[in-house]
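Working notes for the structure below.
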Amino acid sequence: MKRIWLAAALMALLALGLGWWSMRPPAALGTDAPAERFSAGRAMQTLAEIARAPHPSGSAEHRRVFNHLSRRMGQLGLETGAQGGPMSQAGAARYRRWFGEQAQVPQALNLIGVLPGTDRSLPAVVIMAHYDTVPGSPGAGDDSSGVAAALEAVRAVKAQGPTRRDIIVLLTDGEELNLEGARLFFAAHPLRSGVGAVINLEARGSGRVLMFETGPEAGALADLYAREVERPSAHSMAAAIYSLMPNDTDFSIPREAGIGGYNLAFTSGPETYHSPSSTVDRVDPGSIQHMGDHATALLGAMARAEALPAEAPNKAYADVFGLMVIYPAWVGWLLLGLAAVLGVAAARRLGLRVRDAAPALWFPLWLLLNAALLHRLMDATASGGAMGYYDRLGSMGLLGLMAGGVTAAGLLAGPHLTGLRPRWIAAAVVVLLGAATAVLSGDLNLFQAVLTLLAAGVWLIAPRHGHRREDGWRPAVGAVAALLLLATALQALLAPAAYVLAWPALIAALMLAAAAFLDPRLDRPWTPWMLAVIGGVAAAWIVGLYWMVFINIGFGLPEAMAVFALILAGLIWPVLARLPRRAALGLAAVAVGVAVCAAVVERLDGVAPTVPTYQG
């Protein structure tokens, strides 16, 4: 039993430690970096000049920033010009919400520079960022960082030697209003018809950059990214899901015009988003370095290419600890087939029979439903149904601790609950928790009611606690089976995103097969260590994904994080299921206590410490 405790501790250390490391941006290069390299130190000098104070469209500070950027582009040797045009009705309406109905709406004012290529008849590459901010925020993280990175990337590409095609630097205005500058350029500027690809640089705070959008039919663009970027950070899952969301950036305008490219952003540290605290000292230079390395590699490669990437079927791709894995989306079916074969073989070898299928699937079903309900309860406790979007961003640390506590509790308790009696008491407690969620949030809706009833119903059908040795494998086998079912559905509906379920299912099935055929009774000392190392390293990659999804979606849709609890379950339940029941449930109670404390502290705090003056 001591080996199991040590293996569980090692697995947790690997998952959290390696997961944290994987989310860190690279070290920043200083101003003494070689001329052909992107230097965050040089970019930070530009950032310090343009993020002194808020500079929303039409303000005096906006004009100062425009003039500074115009001079900087001239120093880079760019053919520089401006483009002005009226705001749309939507942009004008938002501007008046900022400054009052009597405010005079300014024109959108883009700044455009061209670095000529050796063959100006070829389609040009645009590198784009917006230089306007919301009122009340200096905008160092949104999007002065992108502007500074774009200019330094162009300088580095120029220092590397001549380019085959033109590079257009497009610094847009009015992105915060209604993407006004991007709309203006791609609707009316003479250069628009010669654009072949776009790189857009966005930001929300700091952290590791993510390439999260490419446009439709972007398989060739993904291949180019995989070849050229040294420290990749990209997920086709993000691109696939983002395409279904209503969110927009400047990149939306060229994408709708059928122009492909790359949308890059860093989104950690969101407490500074649209906030007075979005100052230069809150931006991690490593974030600028990571974004700039991406932009320099992609911009240089496309500007020197004989032909830009053509439309091609989308691919599945993801970075794994800095290494890019990419393949045609249909290959996902082969991975799922292999995982299914391994999983069935392992289950049979472990002595699990067909009649064990339903009891095994109880564990992941319980985890999904009850973790989702507990996430909603904690969110209602923290917010009372009144926490605004910016308050959530400002409280990301507490909300993350709360979500982590709920996830940990579900993972610890899940394999050990089938022996609890009487089951109707547990179901009644779940109903009370659902009612408490409705009261605390002030919202009794159909989804909440159905979730509560299903979570309670799962308790009523809990299988009896098995005493066979092979019953200890039920939770892990059930988690793999559930992952395979969900991954198959995702492969059919949204193939480029299916790997987020298929890869963990395959790794978990491999773990089960290795244990089943080498040491099914776990009698050998090395078996728990094997499971801990493989499961811990794989879980670390999932932890990085967990945080990426949480800070972008999960903080406002907490129940979605229950899916990641299921993914982690397949990887770590082979070890956690062997912990003593009383100890595992005790640790789960501690994890719930941490989540409750975080929720209560957030509830008492009431308002985030960095509430922005801008709420438009």
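Counting in the UniProt record's numbering, the sequence shown runs from 1 upward without gaps. The C-beta atom is built at its ideal place from N, Cα and C for all residues, glycine as well. Values in this document were obtained by computation on a predicted structure and should not be read as measured data.
Nearest neighbour of residue i, chosen from the options [CA to CA]
i      : options                        : result
Val537 : Met1, Ala15, Leu6              : Ala15
Pro232 : Tyr390, Thr452, Ser22          : Ser22
Ala7   : Gly139, Pro525, Gly100, Leu506 : Pro525
Trp473 : Leu115, Ala577, Gly41          : Ala577
Ile461 : Ala427, Thr437, Phe447, Asn178 : Ala427
Leu122 : Ser70, Pro246, Gly196          : Gly196
Ala481 : Leu412, Ala436, Val354         : Val354
Asp293 : Val439, Met211, Leu350, Gly205 : Met211
Glu36  : Asp379, Gly322, Ala589, Gly161 : Gly161
Ala502 : Leu485, Ala515, Leu518, Ala514 : Leu485
Ala569 : Pro475, Met511, Trp541, Gly593 : Pro475
Leu432 : Gly410, Arg421, Ala456         : Ala456
Glu372 : Phe564, Pro415, Gly351         : According to the sequence shown, residue 372 is Ala rather than Glu. If we check each option's Cα against that of Ala372, Phe564 comes out closest.
Val406 : Ser395, Leu369, Leu420         : Leu369
Asn263 : Gly286, Ser275, His235, Pro285 : His235
Ala591 : Arg392, Thr452, Met378         : Met378
Ile4   : Val575, Pro285, Gly141         : Val575
Ile326 : Phe517, Leu512, Asn314         : Asn314
Classification of residue i by the beta-carbon crowding that lies within 10 angstroms, buried from 16 upward
i      : result
Val450 : exposed
Ala188 : exposed
Phe266 : buried
Trp424 : exposed
Gln448 : buried
Pro34  : exposed
Thr118 : exposed
Asp281 : exposed
Pro86  : exposed
Gly17  : exposed
Thr133 : buried
Asp443 : exposed
Arg183 : buried
Met1   : exposed
Met11  : buried
Alpha carbon of residue i to alpha carbon of residue j, nearest angstrom
i      : j      : result
Gly535 : His375 : 24 Å
Gly77  : Pro309 : 27 Å
Gly74  : Thr80  : 7 Å
Trp362 : Pro558 : 22 Å
Asn552 : Pro270 : 9 Å
Leu522 : Leu299 : 53 Å
Ala53  : Met291 : 23 Å
Gly544 : Gly554 : 13 Å
Leu170 : Val331 : 38 Å
Val458 : Arg464 : 13 Å
Arg603 : Ser441 : 12 Å
Pro106 : Met387 : 33 Å
Ala438 : Asn445 : 8 Å
Asn247 : Leu179 : 12 Å
Tyr242 : Ala489 : 19 Å
Ala48  : Ala149 : 12 Å
Leu111 : Ile288 : 21 Å
Gly113 : Arg71  : 11 Å
Pro56  : Pro135 : 6 Å
Ala340 : Ile507 : 11 Å
Beta-bridge pairing of residue i - partner residues as DSSP gives them
i      : result
Met324 : Asp319
Tyr262 : Ile199
Met396 : Bridge partners of Met396: none, in fact.
Glu152 : Glu152 is not bridged to any residue.
Gly113 : Thr80, Val169
Ala234 : Met211
Ser121 : According to DSSP, which records beta bridges pairwise, Ser121 is partnered with nothing at all.
Ala312 : Ala218
Ala108 : Gly85
Delimiting residues of the beta strand (DSSP E) encompassing residue i
i      : result
Val130 : Residue 130 is actually His in this sequence, not Val. 124-130 is the span of the beta strand (DSSP E), which, as asked, contains His130.
Glu79  : 79-85
Limits of the alpha helix (DSSP H) - the one that residue i falls within
i      : result
Glu602 : 581-605
Ala427 : 423-441
Ala8   : 2-13
Met302 : 285-304
Arg349 : 331-349
Leu210 : Careful: Leu210 lies outside any alpha helix (DSSP H), inside the beta strand (DSSP E) at 206-213.
Ser88  : Taken as a continuous stretch (DSSP letters only), Ser88 belongs to no alpha helix (DSSP H), as it is neither H nor E.
Phe66  : 60-75
Thr527 : 526-549
Tyr499 : 499-518
Ser383 : 357-383
Gly388 : Element bounds for Gly388: n/a, residue is neither H nor E.
Chain D contact for residue i (CB, 9 Å cutoff)
i      : result
Gly400 : Absent from the structure: chain D. Only one protein chain is present.
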